[in-house]
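Enquirer: Submitted below is the structure of interest, expressed as structure tokens.
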Amino acid sequence: MKTFFRFALLFLFVLLITACSEKEGQLTMVDVKKLNDKGVYEDVALIFEEEKLETVLNSFAEVKWSPNTKAQMASEAEYLVTLFYTEDKNMPERLYDYKVWLNKNGSVTLISSEESEGYGSLDQEHAESLKPFLQ
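Mapping the sequence shown onto the working numbering, position 120 (from 1) lands on 232, and the numbers just tick up by one.
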């Protein structure tokens, strides 16, 4: 009987840990659009290569976010970046949209469509690895 209770307790513990953990999806594609002279966004890049996706993901991981912040910029975003995540192979991809501005000092400013991220900035050092995908 003690063995049964131990297994039951272990099962409940594992179930609780599994249920409370947040599963992160896999980045499968990045779509980059640039604002042209006519004020229309046009496709610049569609990134599928794993190595490049990893670089983009690492750059976004370094963004310093101000969650739940509604920021307004003086100009339209220079770029629109959409990250495509596959969280479950039986479900459609989850899209995360970002408005991106390149600053004169080399840093990057972002506004996320996700309230949990809000407004963010990427310092010059980390922005350098992201910029090749934007131009």
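Ideal placement from N, C-alpha and C gives every residue a C-beta, glycine not left out.
I need the DSSP call for A131, collapsed to helix, strand or coil.
Expert: Start at 1 with the first residue of the sequence shown, and residue 131 comes out as number 19. Here the model assigns A131 a pLDDT of 36, short of 50, so the residue's position is not dependable, and the following value carries that caveat. Helix at A131.
Enquirer: Taking the straight line between their C-alpha atoms, what separation do you get for G151 and P204?
Expert: Counting from 1 along the sequence shown, the entry for residue 151 is found at position 39. Counting from 1 along the sequence shown, the entry for residue 204 is found at position 92. Spanning the two alpha carbons is a distance of roughly 30 Å.
Enquirer: In the structure shown, what three-state DSSP assignment does K164 receive?
Expert: One-based indexing of the sequence shown puts residue 164 at position 52. Helix.
Enquirer: Taking the continuous beta strand (DSSP E) assigned at S233, which residues delimit it?
Expert: For the purposes of this step, residue 233 is taken as residue 121 along the sequence shown, with counting starting at 1. Where S233 is concerned, the enclosing beta strand (DSSP E) stretches over 231-234.
Enquirer: Mind reading off the beta-carbon distance from L242 to V168? Whole number of angstroms is fine, and I expect it under 8 Å.
Expert: Working through the sequence shown from its first residue, we reach residue 242 at position 130. Working through the sequence shown from its first residue, we reach residue 168 at position 56. Confirmed, Cβ separation roughly 7 Å.
Enquirer: Here's a check: name, in chain order, each residue in its chain whose Cβ is nearer than 6 Å to the Cβ of S228, leaving out the five neighbours to either side.
Expert: Within the sequence shown, residue 228 is the residue found at index 116, counting from 1. These residues qualify, in order along the chain: P179.
Enquirer: Expressed to the nearest angstrom, what Euclidean distance is found between the alpha-carbon atoms of A69 and L214?
Expert: The structure shown does not extend to residue 69, since the chain spans only 113 to 247, so no value can be given for it.
Enquirer: For S241, which of helix, strand or coil comes out of DSSP?
Expert: Position 129 of the sequence shown, counting from 1, holds the residue named residue 241. Helix.
Enquirer: I need the DSSP call for S171, collapsed to helix, strand or coil.
Expert: Stepping through the sequence shown from its first residue, residue 171 is reached at position 59. Residue state, collapsed to three classes: helix.
Enquirer: For I159, which option in Y197, L234, Q236, N148 has the closest C-alpha, if you only look at C-alpha atoms?
Expert: The residue you call residue 159 lines up with position 47 of the sequence shown. Closest option to I159, Cα to Cα, is Y197.
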